[in-house]
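*Asks:* Numbering follows UniProt numbering, in which position 343 of the sequence shown is assigned residue number 343; successive positions increment by one, without gaps. The beta-carbon is built from N, C-alpha and C at its ideal position, and this holds for glycine as well. Sharing a structure below in C-alpha cells format, with a few things to ask.
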Amino acid sequence: MADEKLAKLREAVAGLSQISDNEKSGFISLVARYLSGEEEHVEWAKIHTPTDEVVVPYDTLEAPPEDLEETKKLLNKLAVLKLNGGLGTTMGCTGPKSVIEVRNGFTFLDLIVIQIESLNKKYGSNSQYPRVVADEFLPWPSKGKTCKDGWYPPGHGDIFPSLMNSGKLDLLLSQGKEYVFIANSDNLGAIVDMKILNHLIHKQNEYCMEVTPKTLADVKGGTLISYEDKVQLLEIAQVPDAHVNEFKSIEKFKIFNTNNLWVNLKAIKRLVEADALKMEIIPNPKEVDGVKVLQLETAAGAAIRFFDHAIGINVPRSRFLPVKATSDLQLVQSDLYTLVDGFVTRNPARTNPSNPSIELGPEFKKVGCFLGRFKSIPSIVELDTLKVSGDVWFGSSITLKGKVTITAQPGVKLEIPDGAVIENKSSSDTTMRPLRAASEGGETAIKNPAAESSCAAARRRETAARRQQHAAAQAPLEGGGGAEEGSEWR
C-alpha cells in the first residue's frame with residue numbers, strides 16, 4: 001500500500017514544473033521515509049544527562065582575543081544566516097514577522113543588517129515542497145492548486161541541502177568561511193558571540209547548539225541528551241506517553257534549545273553529499289481552504305547527532321529573546337531594553353534577572369490591534385507580572401510595577417489615563433476608584449466605564465488625542481481638568 005502511494009506521488013511530482021529536480025528528489029525522499037514508519041520514539045532507559053564536556057557552561061569559555069586583527073581573522077571565518085520564518089499568522093500578520101517594526105522604526109531585518117554592519121565596521125534560497133492532499137495522498141498542485149497555498153517550506157532542516165543546491169555553500173568555502181551561525185530572525189538575543197566562535201574554531205567542533213535554562217514557560221521545548229554515545233536533540237513528540245510529564249520537569253531536563261546553531265561548513269558539505277542527514281520527520285497536518293493537507297518538515301537542531309564533536313553551550317537567557325506573540329513584542333519595545341548598534345540590550349536598572357510575565361487578552365493578539373491600544377508602551381522595569389483582558393486602552397507615560405491585573409468587563413471600554421502608576425493592583429472596571437495624584441496631591445480617576453455603553457469598532461480606532469480628550473471629559477479631577485501625569489493606582 002505504501003509503495004503504491006509513493007509510486008503515484010512520484011508520478012504526480014514529476015509533472016510539477018514549479019520546482020527543481022533537487023526539490024523533487026528531496027520531497028520524495030522525505031515522503032518515503034515518512035511512509036516507511038521510521039521509529040520516532042526513543043528508548044527512555046538509554047537517555048542520560050549530558051556532562052559539562054557535552055553541554056559546556058558559557059562561563060567556562062575562554063575570553064576571545066583582545067587584539068583587533070585577531071578578532072577580525074575570527075570574524076572572517078564566519079557567515080551569518082537568519083531564518084526568516086513563515087507568516088506571522090499568530091500575530092495577525094500577512095507577511096513574515098521579520099518585517100514587523102520592533103523599536104525606533106526598525107524591523108527585525110533592519111536590526112540584523114545593522115548588527116552585521118556594526119561588526120564589519122568594528123574589526124550575507126529556500127526550497128518549496130508541494131502540500132499533500134490527505135485523503136488522496138497526491139500533491140495539491142497536481143490537483144490544480146498552483147498558487148502559493150499549494151506549497152510549503154519544508155522546515156529549517158532543509159537549510160543544509162539548500163545551501164548546497166543553491167551554490168552558496170561552495171561560495172562561502174571559497175571565501176575562507178569555516179562556520180555559519182544560524183538563528184531565527186525574530187530572536188533579538190541571537191547575535192554573534194566572539195567567545196563561542198573562538199571556542200568552536202579552537203576546539204574544531206562541527207556543530208554547536210546554544211541551550212539555556214528552562215523555565216515553566218519552556219517545558220515543551222526540545223532538550224539535549226546523551227543517547228547511545230552521541231549528543232542528541234530530544235523533542236516532546238519523541239517522548240513515550242508514559243514519560244511526557246517527566247520530560248516537562250525542569251528539575252530533570254533543565255535546558256532547552258534556543259535554535260541558535262553554529263555549524264562547520266565543510267561538515268555540512270560532507271554530510272549533504274553523503275545524504276547522511278536523516279533528521280526526524282515532523283508531520284504537520286493542516287486545513288487550507290477547507291482541504292485537509294499534510295506537510296512533512298524537519299528541524300535543523302535535530303541534525304546535531306550526525307556531526308562529529310558536536311556540543312551544546314549553556315548560554316545566558318539574554319541570548320534567547322524571541323518574539324512569538326504580542327506579549328513578547330511589548331517586552332522588547334519597552335524600557336526593559338535599549339538599542340545600541342542594532343543590538344537589543346537589557347536595561348541595567350532591572351534588578352530581577354527574569355523578564356516580567358505578560359499575558360494579554362485576545363483584543364491584543366494581532367499586531368495592529370496591539371499597537372493601537374497603546375499611546376506609548378508602559379514602563380515595566382519594575383514589573384513582575386501583567387495580565388490584561390477585555391477592551392483596555394493605555395495612555396502615554398504609564399508605569400507598571402509589581403503584580404498588575406487589569407480587566408474590562410464585557411461591553412465596557414476601559415481607558416488608563418496618561419501618567420498613571422499602577423503598582424501591585426488587581427483591578428477591574430467596577431473596582432477602580434478615584435486615586436491620589438502622586439505629583440500634585442490632588443485626586444484623579446479613570447472614567448466611569450460602568451456608565452459607558454459598548455464601543456463600536458470605528459470608535460475603537462479613534463486617534464490617541466481624541467481618546468485622551470474623551471477620557472478627560474468623562475473623568476475630571478476634583479476641581480476640574482483631565483487626568484494628570486504622575487497619577488498613581490494603589
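Go through the region 139–211 residue by residue and report every complete run of the beta strand (DSSP E) that reaches 3 residues or more, in order.
*Replies:* As far as the region 139–211 is concerned, its whole beta strand (DSSP E) runs of at least 3 residues are 179–184.
*Asks:* Helix, strand or coil for Leu400 per DSSP?
*Replies:* Counting from 1 along the sequence shown, the entry for residue 400 is found at position 400. The answer is strand: DSSP assigns Leu400 an E or B state.
*Asks:* Any idea if His202 is buried or exposed, counting beta-carbon neighbours within 10 angstroms, 16 or more meaning buried?
*Replies:* Here the question's residue 202 lines up with position 202 in the sequence shown. By the neighbour-count rule (16 or more Cβ atoms within 10 Å), His202 is not buried but exposed.
*Asks:* Indicate whether His41 and Ser226 have their beta-carbon atoms separated by less than 8 angstroms.
*Replies:* Position 41 of the sequence shown, counted from the first residue, corresponds to residue 41. Position 226 of the sequence shown, counted from the first residue, corresponds to residue 226. Not a contact, by the Cβ cut-off of 8 angstroms.
*Asks:* Can you tell me where the beta strand (DSSP E) holding Arg346 begins and where it ends?
*Replies:* Residue 346 sits at position 346 when you count from the first residue of the sequence shown. That run of the beta strand (DSSP E) goes Phe343 to Arg346.
*Asks:* Considering only the beta carbon of each residue, do Ala349 and Val381 sit closer than 8 angstroms?
*Replies:* Counted from its first residue, the sequence shown places residue 349 at position 349. Counted from its first residue, the sequence shown places residue 381 at position 381. Yes.
*Asks:* Can at least three beta-carbon pairs, one atom from the region 286–297 and one from the region 238–252, be found at a separation below 8 angstroms?
*Replies:* No, the region 286–297 does not touch the region 238–252.
*Asks:* Looking at Gly411: is its Cβ nearer than 8 angstroms to the Cβ of Leu321?
*Replies:* The residue you call residue 411 lines up with position 411 of the sequence shown. The residue you call residue 321 lines up with position 321 of the sequence shown. Cβ distance not < 8 angstroms, so Gly411 and Leu321 don't count as in contact.
*Asks:* On the CB-based measure, 16 or more other CB atoms within 10 Å of its CB, does Asp193 come out buried or exposed?
*Replies:* Along the sequence shown, one-based indexing puts residue 193 at 193. Answer is buried; the Cβ neighbour count reaches 16.
*Asks:* Out of Phe374, Val388 and Glu273, point me to the one whose CA is closest to Asp418's CA.
*Replies:* Start at 1 with the first residue of the sequence shown, and residue 418 comes out as number 418. Nearest of Phe374, Val388 and Glu273 to Asp418, Cα basis: Phe374.
*Asks:* What residue from Asp170, Arg131, Ala217 and Val80 has the CA that sits closest to Ser185's CA?
*Replies:* If you number the sequence shown from 1, residue 185 lands on position 185. The shortest Cα separation from Ser185 among Asp170, Arg131, Ala217 and Val80 belongs to Val80.
*Asks:* Does the pairing of the region 169–180 with the region 292–304 give three or more beta-carbon distances under 8 angstroms?
*Replies:* At 8 angstroms Cβ cutoff, the stretches do not touch.
*Asks:* I need the straight-line Cα distance from Leu329 to Val211, nearest angstrom please.
*Replies:* As a first step, residue 329 must be located in the sequence shown, where it is residue number 329. As a first step, residue 211 must be located in the sequence shown, where it is residue number 211. Each residue's alpha carbon lies about 22 angstroms from the other.
*Asks:* Can you tell which of Tyr207, Ile19, Ala276 and Asp59 has the C-alpha that lies nearest to the C-alpha of Pro139?
*Replies:* Numbered from 1 along the sequence shown, position 139 holds the residue referred to as residue 139. That would be Ile19, whose Cα lies nearest to the Cα of Pro139.
*Asks:* Taking DSSP's pairing of strands, which residues face Trp44 in a bridge?
*Replies:* The residue labelled residue 44 in the question sits at position 44 within the sequence shown. Beta-bridge pairing links Trp44 to no other residue.
*Asks:* Is it the case that the Cβ atoms of Asn76 and Ala183 are separated by a distance below 8 angstroms?
*Replies:* For this step, residue 76 is matched to residue 76 along the sequence shown. For this step, residue 183 is matched to residue 183 along the sequence shown. Result no, Cβ atoms of Asn76 and Ala183 do not sit closer than 8 angstroms.
*Asks:* For the beta strand (DSSP E) that contains Ser389, what are its first and last residues?
*Replies:* In the sequence shown, residue 389 corresponds to position 389, counting from 1. Where Ser389 is concerned, the enclosing beta strand (DSSP E) stretches over Leu383 to Ser389.
*Asks:* Leu224 bridges to which residues according to DSSP?
*Replies:* By one-based count along the sequence shown, residue 224 stands at place 224. The partner list for Leu224 (beta bridge, DSSP) reads Leu233.
*Asks:* Who are the Cβ neighbours of Arg317 in its own chain at under 6 angstroms, not counting the five residues just before and after it?
*Replies:* To locate residue 317, count along the sequence shown from 1; it is residue 317. Contacts found: Thr212.
*Asks:* Can you tell me whether DSSP reads Gly486 as helix, strand or coil?
*Replies:* For the purposes of this step, residue 486 is identified with residue 486 of the sequence shown, where counting begins at 1. Here the model assigns Gly486 a pLDDT of 35, short of 50, so the residue's position is not dependable and the matter cannot be decided.
*Asks:* In terms of alpha-carbon separation, which member of Lys401, Asp341 and Ile406 lies closest to Asp391?
*Replies:* Here the question's residue 391 lines up with position 391 in the sequence shown. Comparing Cα-Cα distances from Asp391 to each of Lys401, Asp341 and Ile406, the minimum goes to Ile406.
*Asks:* Name the residue from Glu69, Val54, Cys208 and Ala63 whose alpha carbon lies nearest to the alpha carbon of Leu265.
*Replies:* Translated into positions along the sequence shown, residue 265 becomes position 265. Answer by Cα proximity: Cys208.
*Asks:* Which whole-angstrom value is the C-beta distance of Asn355 and Leu331, which I expect to be below 8 angstroms?
*Replies:* Indexing the sequence shown from 1 puts residue 355 at position 355. Indexing the sequence shown from 1 puts residue 331 at position 331. Yes, they are in contact, since the Cβ atoms of Asn355 and Leu331 sit about 6 angstroms apart, within 8 angstroms.
*Asks:* When you compare the CB positions of Glu297 and Ser327, do they come within less than 8 angstroms of one another, or not?
*Replies:* Residue mapping note: residue 297 aligns to position 297 of the sequence shown, counting from 1. Residue mapping note: residue 327 aligns to position 327 of the sequence shown, counting from 1. Contact: no.
*Asks:* The beta strand (DSSP E) spanning Val323 covers which residue range?
*Replies:* Counted from its first residue, the sequence shown places residue 323 at position 323. Run containing Val323: none; DSSP gives neither H nor E here.
*Asks:* Using DSSP with H/G/I as helix, E/B as strand and the rest coil, what is Pro316?
*Replies:* Stepping through the sequence shown from its first residue, residue 316 is reached at position 316. In the structure shown, Pro316 sits in coil (DSSP, three-state: anything other than H, G, I, E or B).
*Asks:* Give the straight-line distance between the Cα atoms of Glu246 and Lys143, rounded to the nearest whole angstrom.
*Replies:* The residue given as residue 246 occupies position 246 in the sequence shown. The residue given as residue 143 occupies position 143 in the sequence shown. Approximately 44 angstroms between the Cα atoms of the pair.
*Asks:* Spatial neighbours of Val56 within its chain, please: C-beta separation below 8 angstroms, excluding the five flanking residues on both sides.
*Replies:* Indexing the sequence shown from 1 puts residue 56 at position 56. Contacts found: His199, Ile311, Gly312, Ile313 and Asn314.
*Asks:* Can you tell me whether Val180 is buried or exposed, with buried defined as 16 or more other CB within 10 angstroms of its CB?
*Replies:* If you number the sequence shown from 1, residue 180 lands on position 180. It counts as buried.
*Asks:* Rounding to the nearest angstrom, what Cα-Cα distance links Gly26 and Val291 in this structure?
*Replies:* To locate residue 26, count along the sequence shown from 1; it is residue 26. To locate residue 291, count along the sequence shown from 1; it is residue 291. Taking the straight line joining both Cα atoms gives about 24 angstroms.
*Asks:* Run through DSSP, which three-state label would Asn284 get?
*Replies:* To locate residue 284, count along the sequence shown from 1; it is residue 284. Of the three classes helix, strand and coil, the one that applies to Asn284 here is strand, per DSSP.
*Asks:* Is it buried or exposed, Val231, if we count other Cβ atoms within 10 angstroms and call 16 or more buried?
*Replies:* As a position in the sequence shown, residue 231 is number 231, starting the count at 1. Counting Cβ neighbours within 10 Å, Val231 comes out buried, since at least 16 surround it.
*Asks:* Can you tell which of Glu66, Thr399 and Lys366 has its C-alpha closest to the C-alpha of Ile377?
*Replies:* Against the sequence shown, residue 377 aligns to sequence position 377. Out of Glu66, Thr399 and Lys366, Thr399 has the C-alpha closest to the C-alpha of Ile377.
*Asks:* Looking only at its chain, what residues have a beta carbon closer than 7 angstroms to the beta carbon of Thr338, apart from the 5 residues adjacent to it on each side?
*Replies:* Translated into the one-based positions of the sequence shown, residue 338 becomes position 338. Answer for Thr338: Thr345 and Asn347, listed in chain order.
*Asks:* Along the chain, which unbroken stretches of the beta strand (DSSP E) at least 3 residues long are found entirely within the region 51–87?
*Replies:* Whole beta strand (DSSP E) segments, 3+ residues: 55–57 and 78–83.
*Asks:* Leu296 lies in the beta strand (DSSP E); which residues open and close that run?
*Replies:* In the sequence shown, residue 296 corresponds to position 296, counting from 1. Note, Leu296: beta strand (DSSP E), Val291 to Glu297.
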